[in-house]
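Colleague: Please find one structure pasted underneath; my questions will follow.
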Amino acid sequence: MKRGKRKRKTGAETYRKFRWGSVWFTAAVSALAVLGAGTALAAEGYSWISDASGVRYVNQQGQSVSPGWQLIDGKWYWFGEDGLMKTGWLNTEGYWYYLDPSGAMAVGWRTIDGASYYFRESGAMQTGHMTQGETVYAFADSGRVESARKTKNSGGGSFEIGFYDEACQNLASNLNEMKLDSFDGDEDEDYYEDEKRNYDKDASYVISGKLTEIAEHRLEAARDKGYGNGNIPGEGELSDYLKAIGYNSGRRSMEVYIRNADGADEAEEKILDLQEDAKKRKDRPDYYSEMGIAHREDGGRDYYMVIFMK
Numbered sequence: 000m001k002r003g004k005r006k007r008k009t010g011a012e013t014y015r016k017f018r019w020g021s022v023w024f025t026a027a028v029s030a031l032a033v034l035g036a037g038t039a040l041a042a043e044g045y046s047w048i049s050d051a052s053g054v055r056y057v058n059q060q061g062q063s064v065s066p067g068w069q070l071i072d073g074k075w076y077w078f079g080e081d082g083l084m085k086t087g088w089l090n091t092e093g094y095w096y097y098l099d100p101s102g103a104m105a106v107g108w109r110t111i112d113g114a115s116y117y118f119r120e121s122g123a124m125q126t127g128h129m130t131q132g133e134t135v136y137a138f139a140d141s142g143r144v145e146s147a148r149k150t151k152n153s154g155g156g157s158f159e160i161g162f163y164d165e166a167c168q169n170l171a172s173n174l175n176e177m178k179l180d181s182f183d184g185d186e187d188e189d190y191y192e193d194e195k196r197n198y199d200k201d202a203s204y205v206i207s208g209k210l211t212e213i214a215e216h217r218l219e220a221a222r223d224k225g226y227g228n229g230n231i232p233g234e235g236e237l238s239d240y241l242k243a244i245g246y247n248s249g250r251r252s253m254e255v256y257i258r259n260a261d262g263a264d265e266a267e268e269k270i271l272d273l274q275e276d277a278k279k280r281k282d283r284p285d286y287y288s289e290m291g292i293a294h295r296e297d298g299g300r301d302y303y304m305v306i307f308m309k
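In terms of numbering that gives the first Met the number 0, the sequence shown opens at residue 0 and continues consecutively.
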């Protein structure tokens, strides 16, 4: 990506504007040598100070850095006109950014208030669609991830889910391989020669951002309040909860709570046992097309909540 640069003088300091896409950032640099902005500021005696009003980055005379974006020790920060460092959500130049509690600009995947978001290298929040490797992500206009699915006609089975931690990723990979194993395909060879047809859409699960959020909630509630026969005291079964939050309560769904497992492989074995014992198609995990997983570790043992939906 092409970057332009301009300089302007402000007192004894030189500022350079860096362009990333359509967004301009400002960083202070040494008048004697072009250094990393954080190095230059530190060399000129800048330091962090915190008081009741907030956090500032000031020089030896107590003057705050200029408002806007500043690159400090390799990380981007945003300062208001009052000199205070900002945290949380920021909208500027038509883009949304997220600043971590430390003030540093978020890059990559972040879980914020229970939902997953992706921030590009520029820090701008991702919306629409994004493809990484064999995974296609869909995002709402709000930036919340809606789904992750394997790319069309790539064979089905496991794929990387960027917003999952290692434990959830491992179980998702195992279950997607289980989904592939149960996929019969089509005996008609022409079926696979039609490039417009998504012939392996049933050979892996669509990972739902919303079902993942629901699984997180249900797992926390089950751990806090108890769980028996699919029921959480004060909340009821999964269908009751879906109806209470107004989320696709008419669709078929299935909840599996796995307790005291030794990793994703043992958790998968328990789900396979459930599948083999199922007498009705709707009681088989491979019947469903979407999935969300949550995980907690306690005392070296693993607890998972898996929610399936058709």
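From the three backbone atoms N, C-alpha and C, an ideal C-beta is built for every residue, glycine too.
Just so we're clear, the structure is a prediction, and the values are computed from it rather than from any experiment.
Taking MET124 and TYR96 to be in contact with their CB atoms under 8 Å, please state how far apart those CB atoms are, rounded to whole angstroms.
Modeller: Here residue 124 corresponds to residue number 125 of the sequence shown, with the count starting at 1. Here residue 96 corresponds to residue number 97 of the sequence shown, with the count starting at 1. About 7 Å separates the two Cβ atoms, so the contact holds.
Colleague: Can you tell me where the beta strand (DSSP E) holding ILE292 begins and where it ends?
Modeller: Numbered from its first residue, the sequence shown carries residue 292 at position 293. Taken as a continuous stretch (DSSP letters only), the beta strand (DSSP E) holding ILE292 covers 289-297.
Colleague: Given a threshold of 16 other Cβ atoms within 10 Å of its Cβ, counted over all protein chains shown, does ARG300 qualify as buried or as exposed?
Modeller: As a working note, residue 300 is residue 301 in the sequence shown. Exposed: under 16 other Cβ atoms inside 10 Å.
Colleague: Quick one: is LYS1 buried, meaning 16 or more other Cβ sit within 10 Å of its Cβ, or exposed?
Modeller: Along the sequence shown, one-based indexing puts residue 1 at 2. With a pLDDT of only 37 at LYS1, under the threshold of 50, the placement of this residue in the model should not be trusted; the figure read from the coordinates follows. By the 10 Å Cβ count, LYS1 comes out exposed.
Colleague: Under 8 Å by Cβ, that's how I've got ARG280 and TYR287 pegged, so tell me the actual separation to the nearest angstrom.
Modeller: Within the sequence shown, the letter at position 281 stands for residue 280. Within the sequence shown, the letter at position 288 stands for residue 287. About 10 Å separates the two Cβ atoms, so there is no contact after all.
Colleague: Taking all protein chains shown into account, decide if TYR155 is buried (16 or more other Cβ within 10 angstroms of its Cβ) or exposed.
Modeller: Reading the sequence shown from its first residue, position 156 is the one you call residue 155. Here residue 155 turns out to be Gly, not Tyr, going by the sequence shown. Buried is the call here.
Colleague: Under the rule that 16 or more other beta-carbon atoms within 10 Å means buried, what is TRP88, buried or exposed?
Modeller: Along the sequence shown, one-based indexing puts residue 88 at 89. Under this definition TRP88 is an exposed residue.
Colleague: Any chance you could list the alpha helix (DSSP H) runs of at least 4 consecutive residues sitting entirely within the segment 218-276, in chain order?
Modeller: 237-244, 262-276
Colleague: Determine the DSSP secondary structure at LEU83, reduced to helix, strand or coil.
Modeller: As a working mapping, residue 83 is identified with position 84 in the sequence shown. Three-state DSSP puts LEU83 in coil, outside helix and strand.
Colleague: For LYS74, which of helix, strand or coil comes out of DSSP?
Modeller: Along the sequence shown, one-based indexing puts residue 74 at 75. Residue state, collapsed to three classes: strand.
Colleague: Assuming the contact rule is C-beta atoms closer than 8 Å, ASN58 and GLY67 should be a hit. Round their C-beta distance to whole Å, please.
Modeller: The residue given as residue 58 occupies position 59 in the sequence shown. The residue given as residue 67 occupies position 68 in the sequence shown. The pair is not a contact, with the Cβ atoms about 17 Å apart (cut-off 8 Å).
Colleague: Go ahead and label ASP272 buried or exposed: buried means 16 or more other beta carbons lie within 10 angstroms of its beta carbon, across all protein chains shown.
Modeller: As a first step, residue 272 must be located in the sequence shown, where it is residue number 273. By the neighbour-count rule (16 or more Cβ atoms within 10 Å), ASP272 is not buried but exposed.
Colleague: Out of ALA51, ILE270, GLU267, ASN259, which has the shortest C-alpha to C-alpha gap to TYR302?
Modeller: Against the sequence shown, residue 302 aligns to sequence position 303. Of the candidates ALA51, ILE270, GLU267, ASN259, the one whose C-alpha sits nearest the C-alpha of TYR302 is ASN259.
Colleague: Please tell me whether TYR256 has its Cβ less than 9 Å away from any Cβ of chain D.
Modeller: Looking at the structure shown, chain D is missing, and only one protein chain is on hand.
Colleague: Between the C-alpha atoms of LYS200 and LYS178, what's the straight-line distance to the nearest angstrom?
Modeller: Position 201 of the sequence shown, counted from the first residue, corresponds to residue 200. Position 179 of the sequence shown, counted from the first residue, corresponds to residue 178. Each residue's alpha carbon lies about 11 Å from the other.
Colleague: Here's the rule I'm using: 16 or more other beta-carbon atoms within 10 Å means buried, otherwise exposed. How should LYS149 be labelled?
Modeller: In the sequence shown, the residue the question calls residue 149 occupies position 150. Buried, by the Cβ-count rule.
Colleague: Spell out the partners DSSP gives PHE118 in its beta bridges.
Modeller: One-based indexing of the sequence shown puts residue 118 at position 119. DSSP, once it has assigned bridges, lists GLY107, MET124 as partnering PHE118.
Colleague: Going by Cα to Cα distance, which pick from ILE270, MET84, VAL305, TYR94 is closest to GLU289?
Modeller: Locating residue 289 in the sequence shown gives position 290, counting from the first residue. GLU289 has its Cα closest to that of VAL305, out of ILE270, MET84, VAL305, TYR94.
Colleague: Roughly how many angstroms separate the alpha carbons of GLN69 and SER121, rounded to a whole number?
Modeller: In the sequence shown, counting from the first residue as 1, residue 69 sits at position 70. In the sequence shown, counting from the first residue as 1, residue 121 sits at position 122. About 13 Å.
Colleague: Assuming contact is defined by CB atoms lying nearer than 9 Å, are ALA166 and GLU296 in contact in what I supplied?
Modeller: Position 167 of the sequence shown, counted from the first residue, corresponds to residue 166. Position 297 of the sequence shown, counted from the first residue, corresponds to residue 296. Yes, Cβ-Cβ distance for ALA166 and GLU296 is below 9 Å.
Colleague: Which one of ARG143, ASN90, GLU219 has the shortest CA to CA distance from TYR116?
Modeller: Looking up residue 116 in the sequence shown gives position 117. Measuring from the Cα of TYR116, the nearest candidate turns out to be ARG143.
Colleague: Can you name the start and end residues of the alpha helix (DSSP H) that LYS178 belongs to?
Modeller: As a first step, residue 178 must be located in the sequence shown, where it is residue number 179. Element bounds for LYS178: 165-180.
Colleague: May I ask you to report which of helix, strand or coil DSSP gives TYR302?
Modeller: Against the sequence shown, residue 302 aligns to sequence position 303. Correct three-state label for TYR302: strand.
Colleague: Whole angstroms is fine: what's the gap from SER101's alpha carbon to LYS85's?
Modeller: Mapped onto the sequence shown, residue 101 falls at position 102. Mapped onto the sequence shown, residue 85 falls at position 86. Spanning the two alpha carbons is a distance of roughly 9 Å.
Colleague: Hey, ASN175 and PHE162 are a contact pair by Cβ (cut 8 Å); roughly how many whole angstroms apart?
Modeller: Locating residue 175 in the sequence shown gives position 176, where the first residue counts as 1. Locating residue 162 in the sequence shown gives position 163, where the first residue counts as 1. That pair is no contact at about 15 Å.
Colleague: Less than 9 Å between the C-beta atoms of ASP140 and THR126, yes or no?
Modeller: Here the question's residue 140 lines up with position 141 in the sequence shown. Here the question's residue 126 lines up with position 127 in the sequence shown. Yes, Cβ-Cβ distance for ASP140 and THR126 is below 9 Å.
Colleague: With distances taken from CA atoms, which of ASP180, PHE138, SER65 is nearest GLY79?
Modeller: The count along the sequence shown starts at 1 and reaches residue 79 at position 80. Measuring from the Cα of GLY79, the nearest candidate turns out to be SER65.
Colleague: For TRP323, I'd like the list of residues in its chain whose CB is within less than 8 Å of its CB, leaving aside the five on either flank, ordered along the chain.
Modeller: Residue 323 is absent from the structure shown; the chain starts at 0 and stops at 309.
Colleague: Am I right that LEU170 and ALA263 are in contact with their C-beta atoms under 8 Å? What's the rounded C-beta distance?
Modeller: Position 171 of the sequence shown, counted from the start, is the residue given in the question as residue 170. Position 264 of the sequence shown, counted from the start, is the residue given in the question as residue 263. About 4 Å separates the two Cβ atoms, so the contact holds.
Colleague: Any idea what DSSP makes of THR38, helix, strand or coil?
Modeller: Here residue 38 refers to the residue found at position 39 when the sequence shown is read from its first residue. Because the pLDDT of THR38 is 39, which lies under 50, any placement of that residue in the model is unreliable, and the number read from its coordinates should be weighed accordingly. If DSSP states are grouped into helix, strand and coil, THR38 belongs with the helices.
Colleague: Go through its chain and collect everything with a Cβ distance to THR38's Cβ below 6 Å, but skip five positions before and after it.
Modeller: Residue numbering aside, residue 38 sits at position 39 when the sequence shown is read from its first letter. With a pLDDT of 39 at THR38, under the threshold of 50, the modelled position of this residue cannot be trusted; read the value that follows with caution. So the list is empty, once near-sequence residues are dropped.
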